[in-house]
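Just below is one structure, and these are the notes that go with it.
In this note's numbering, the protein residues as written are 707 to 1034.
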């Protein structure tokens, strides 16, 4: 029996119930067939227990990725960084590969935003250990609210055949029209890193523009309305203007709590600067972005806050918390 989204009747495993994973796993459980079992694995027991308590359906827990892999046909992972992905998949005692026999036929969706090189390393290990299994790098975009709403965008790297097979599973978490095959192995992550980098570069420009407008005496709501009706429009100006009160549901309206932290944003920005170095692409903004995040993670105005809190570095104390990065 298949669900309304076409997701197969199978045993699903979900590893990582963090900011993004919780909502993604919730949608998987709600949209797969009611007869399907779901097994979750999460290091933070309070998060795991909250999921099991609040989400309806057949849900079990696993103490390790190995235990989960032993029981699941489809495995989805949503993890904070490349180191965690390598541990979850490759640890010889507790990892996914340790829980699979060589003839296992698993469908694996790795949705974390990590370095493309790390994903390719994990993929190679999966292909060597499990030649009958299938692996996609499938990072997501949209943020926490779309993760809960099931409206994420998936940027996928892998073969077209496996992509088509996995689409009904991804459709439980994302918009069917936004499931995009970007190319071969690693292409999903390269695409995601480029997208993230452009978004944060445009956000820095928005911070500079809004701060300048306030200092000039412009009304921030009017300024943002003009930006959104003109060529300065970007995703952040539409949804995440940094000035409190301009957009009701922005992170600024919550005083930049909680959400995707400056520490995580620093990580994804560094992934892009590393990718540019690896492929020999010229970068001008890279050093500036690296400098901003390096200051943000150490500054009490931003430390452990939502990533868009970097606006405070521009707007408070006349920008004295920022450096002067010069491109020669």
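Ideal Cβ positions, reconstructed from N, Cα and C, are used throughout, including at glycine.
Burial state of residue i (16 or more Cβ within 10 Å)
i, result
"residue 759", "exposed"
"residue 811", "exposed"
"residue 944", "exposed"
"residue 828", "buried"
"residue 960", "exposed"
"residue 936", "exposed"
"residue 726", "buried"
"residue 987", "exposed"
"residue 748", "buried"
Alpha carbon of residue i to alpha carbon of residue j, nearest angstrom
i, j, result
"residue 767", "residue 952", "42 Å"
"residue 756", "residue 868", "33 Å"
"residue 1021", "residue 940", "20 Å"
"residue 783", "residue 916", "38 Å"
"residue 999", "residue 968", "7 Å"
"residue 992", "residue 807", "43 Å"
"residue 769", "residue 795", "14 Å"
"residue 1009", "residue 972", "11 Å"
"residue 833", "residue 863", "15 Å"
"residue 779", "residue 1029", "51 Å"
Helix, strand or coil at residue i [DSSP, three-state]
i, result
"residue 913", "helix"
"residue 734", "helix"
"residue 897", "helix"
"residue 949", "coil"
"residue 968", "helix"
"residue 744", "strand"
"residue 978", "helix"
"residue 996", "helix"
"residue 886", "strand"
"residue 820", "coil"
"residue 1003", "coil"
"residue 862", "strand"
"residue 838", "coil"
Own chain partners of residue i with C-beta closer than 7 Å, once the 5 adjacent residues on each side are dropped
i, result
"residue 788", "820, 821, 824"
"residue 735", "744, 761, 763, 765"
Close Cβ partners of residue i (< 8 Å) along its chain, the five nearest in sequence each way excluded
i, result
"residue 707", "In this prediction, residue 707 scores a pLDDT of 42, lower than 50, which makes its location untrustworthy; no coordinate-derived value is stated."
"residue 871", "813, 840"
Sequence-distant residues of its chain with Cβ nearer than 6 Å to residue i (five each side left out)
i, result
"residue 1017", "913, 948"
"residue 836", "806, 810"
"residue 860", "844, 846, 876, 880, 885"
Nearest residue (CA-CA) to residue i, options the options
i, options, result
"residue 997", "803, 772, 907, 856", "907"
"residue 775", "804, 750, 792", "804"
"residue 751", "874, 859, 728, 826", "728"
"residue 697", "962, 1029, 979, 978", "This structure does not reach residue 697, given that the chain is present from 707 up to 1034, and the question cannot be answered."
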